[in-house]
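K.L.:
Numbered according to the numbering used here, the sequence shown spans residues 83 to 266. Beta carbons: idealized from backbone N, C-alpha and C, even for Gly.
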Amino acid sequence: MLERILTGGQTGADQGAWRAAKAVSLSTGGFMPRGFLTEDGPRPELAADFGAVEHESPAPETRTIANIQNADGTLIFVGVQPGPGTKLTIEVCREAKVPHLVLAVERPSEEGSPARAAAWLKDQGIRILNVAGDRESASPGIGDKVAAYLAEVFRLLRTCKRDPGNSLDEHRHQHAAGGETEIP
């Protein structure tokens, strides 16, 4: 059962995931670059608000890797064109054979539905989930889209927990080696 949401704290997908998790009382955290840097500048209040931890390195790449390593799997949200940080996250997950699911928020599909993501989380046994994706400036509106998407995923997971007969079976299908699934 999902217990904790980690992100790197960047604007957009990361902060949207934290907001959705807090709304359902899920534990939050994750490493941020030294100085709690985001594209909006330093945001040290994210430590108190979401349990963010300041990484010793100012490089965003190091916090990306640390968050992947500290999670059971990674959910990656991409807009029209994935940014460099999002591409790095996908690459690191692939190389380390970390279960990950890539979702295109600008092109929703049945295969990329919240029910599909909930089934993936359950099938993979994800307890600590790293959420990554585009920053707000690269994909305007992605933070709110991720928050709404995850709110539905969390609702489905709670429903499934209360009603074991609701197993999300219709949304399951074979995962590639390492739990990699990409949904265009």
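For the pair the segment 191 to 210 and the segment 153 to 162, tell me if three or more CB-CB distances fall below 8 Å.
P.N.:
Short answer: they touch.
K.L.:
Which residues does DSSP pair with I158 in a beta bridge?
P.N.:
V184 and A214, per the DSSP bridge assignment.
K.L.:
Touching or not, the segment 122 to 140 and the segment 189 to 205, by the rule of three or more beta carbon pairs under 8 Å?
P.N.:
As far as the Cβ criterion goes, the segment 122 to 140 does not touch the segment 189 to 205, which means the pair count is below three.
K.L.:
Can you tell me whether R237 is helix, strand or coil according to DSSP?
P.N.:
Note: R237 maps to helix in three-state DSSP.
K.L.:
If you draw a straight line from the alpha carbon of P266 to that of N149, how long is it in whole angstroms?
P.N.:
Only weak support exists for where P266 lies, its pLDDT of 40 falling under 50; the value from the coordinates is given anyway. Each residue's Cα considered, the two are about 24 Å apart.
K.L.:
Alpha carbon to alpha carbon, what distance is there between A201 and G90?
P.N.:
In a straight line, the C-alpha of G90 is about 24 Å away from that of A201.
K.L.:
Quick check on the burial criterion: 16 or more other C-beta atoms within 10 angstroms. Buried or exposed for P164?
P.N.:
By the 10 Å Cβ count, P164 comes out buried.
K.L.:
Report yes if the CB atom of V187 is closer than 7 Å to the CB atom of K227, and no otherwise.
P.N.:
In this structure, K227 lies closer than 7 Å to V187 by Cβ.
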